[in-house]
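Counting from 2, one number per residue, gives the positions in the sequence shown under our numbering. Heads up, the beta-carbon is just placed ideally off N, CA and C, and yes, glycines get one too. As the structure is a prediction and not an experimental result, all values here were calculated from the model.
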Amino acid sequence: MLPAGLFFLAPLVAEFLLGNLPITFLPAVLVLAPLYGGGALLIRELARRRGLGWPNMIILAVGYGVLEEGLTTQSLFNPNYADQHLLVDGYLPALGIAVPWTLFVVGLHVFWSICAPILIMEVISGERRTTPWLGRRGLIVTAVLFVIGIAISIAMNMSMWPYTATAAQFTVTGIVLALLIAAGLLLPITVRPRTGAAPNAWIVLLTTLVAGAVYQGMTLLDVPTWPTVVIFVVNVAVYLTLIAIWSARQGWTSRHYWAIGSGALITYAWHSFVESPVGAAAVILDQLGNAVFTLAALALIHHAYRKTFKPSARTVDAVP
């Protein structure tokens, strides 16, 4: 059940909890799951099989973001992707990308499409949090589904927004992707224990909510391009630094992982009510759908809370 849960949770978070797709498009989760769910499950299983922790999974999640936006949707290079003109602000002709959009969309995939679903499902898994959930056959099936998901995504995007990046762009993207995969799988990152005690999980939750609000809120404000980039980078850097320091301290438990995952889901939930969906839907129906997905996310958060805040879950976890 854990692999299936992650397989379907990832696309539900990435597209529906975000508010990017209205509830009327819910059947599309079956089409989206091989890409999002296959990617999240594959990253988690490969990392856990090799005894790797969150630093390495984050690197692999960055690779996923580069893969989806650079090779499948090509939104990093397509100036008319989704008819949104995403490359207007902060465009660098030498690279053929817009800095704000590249940082923003890859970050979305890292924290929300991949890491948040893994965090929540691992918390729910209890003692199986750092162990593989799939056998060899299941891993192969997941990899095949992921490849199918990539093919489906390419076909759908080419039919809706036909565009082909240059050979140089494809080549550089492929090299970057290969380096990220190699680093994520072959260069184990260990965190040295630090003195002091980890903060209360509720402080971690509040910190995640604030960082998420800044991340998503910048898209709602009329701030000049480059100040936006600076604020974005500083926000992410400060948040990751705090988590890296806190997670290396004594007393860091599954409760803290619950706090990070819950903060991510809550951020997407509130943002869904101000997000304009890609698919056509009546405003009332769209907002009703947002409410449904928000309630579902809160129910999942509560379920994970009961799993990790019960007395038997008070033992200190390892850093991974």
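Asked: Same chain, Cβ closer than 6 Å to Ala294, neighbours up to 5 away in sequence not counted; Found: The displayed chain sequence assigns Phe, not Ala, to residue 294. Hits under 6 Å: Phe17, Leu18.
Asked: Given 8 Å, three or more beta-carbon pairs between the stretch 226-242 and the stretch 76-86; Found: no
Asked: Cβ shell of Arg50 (< 7 Å), same chain only, five flanking positions each side left out; Found: Pro133
Asked: N-terminal and C-terminal residue of the alpha helix (DSSP H) that Ala245 is part of; Found: 226-248
Asked: Length of the line joining the Cα atoms of Pro12 and Tyr37; Found: 5 Å
Asked: Cβ-based burial, Phe274 [other Cβ within 10 Å; buried from 16]; Found: exposed
Asked: C-alpha gap between Ile60 and Leu146, whole angstroms; Found: 21 Å
Asked: 7 Å Cβ shell around Pro194 - same chain, five flanking residues per side excluded; Found: Ala249
Asked: Residue(s) in a DSSP beta bridge with Pro288; Found: It should be noted that the sequence gives Gln, not Pro, for residue 288. Answer is none; Gln288 lacks a bridge partner.
Asked: Residues near Asn81 by beta carbon distance below 8 Å, same chain, minus five either side; Found: Trp162, Tyr164
Asked: Inter-stretch contact (C-beta, 8 Å, three-pair minimum) for the stretch 105-120 and the stretch 32-48; Found: yes
Asked: Alpha carbon of Leu181 to alpha carbon of Ile285, nearest angstrom; Found: 42 Å
Asked: Coarse secondary structure for Thr1, derived from DSSP in three states; Found: Residue 1 is absent from the model: the chain starts at 2 and stops at 321.
Asked: At least 3 beta-carbon pairs within less than 8 Å: the stretch 97-112 vs the stretch 136-155; Found: no
Asked: Proximity to Ser154 [Cα-Cα], best of Trp271, Val32, Thr254, Met122; Found: Val32
Asked: Sub-8 Å separation of Ser255 and Arg130 beta-carbons; Found: yes
Asked: Pairwise C-alpha distance: His304 and Leu93; Found: 45 Å
Asked: Residue nearest to Ile190 in terms of C-alpha spacing, selected from Gly139, Ala99, Pro56, Ala48; Found: Pro56
Asked: Closest by C-alpha distance to Trp227, when choosing among Pro28, Thr74, Val100; Found: Val100
Asked: Runs of alpha helix (DSSP H) lying entirely within the stretch 3-39, each at least 4 residues, in chain order; Found: 3-12
Asked: Euclidean distance between Cα positions of Gln217 and Gly20; Found: 12 Å
Asked: Cutoff 7 Å; reference Thr309; Cβ partners in own chain excluding five residues on either side; Found: Val124, Ser255, Arg256, Trp259
Asked: Among Leu96, Leu210, Val205, Leu109, the one whose alpha carbon lies nearest that of Val168; Found: One point to set straight first is that residue 168 is Ala, not Val, in the sequence displayed. Cα-wise, what sits closest to Ala168 is Leu96.
Asked: Length of the line joining the Cα atoms of Ile151 and Asn79; Found: 18 Å
Asked: Proximal residues to Leu3 (C-beta, below 8 Å), its chain only, five neighbours per side dropped; Found: Met122, Ile125, Ser126, Arg129, Trp134
Asked: For Asn158 and Arg45, the rounded distance between their alpha carbons; Found: 26 Å
Asked: Secondary structure, beta strand (DSSP E): runs of 3+ residues fully inside the stretch 194-223; Found: 195-198
Asked: Minimum Cβ-Cβ distance from Trp102 to chain B less than 8 Å; Found: The chain labelled as chain B is not found in the depicted structure, where only one protein chain is given.
Asked: Closest residue to Ile141 among Phe9, Ala292, Pro35, Ile302 (Cα-Cα distance); Found: Pro35
Asked: Cα-Cα separation between Ala292 and Leu187, rounded to whole angstroms; Found: 42 Å
Asked: Inter-residue Cα distance where the pair is Thr220 and Leu207; Found: 21 Å
Asked: Residue ranges of each alpha helix (DSSP H) within the stretch 68-127, 4 or longer; Found: 100-109, 117-126
Asked: Euclidean distance between Cα positions of Pro23 and Leu77; Found: 24 Å
Asked: Cα-Cα separation between Leu178 and Val67, rounded to whole angstroms; Found: 7 Å
Asked: Cutoff 6 Å; reference Gln251; Cβ partners in own chain excluding five residues on either side; Found: Ala198
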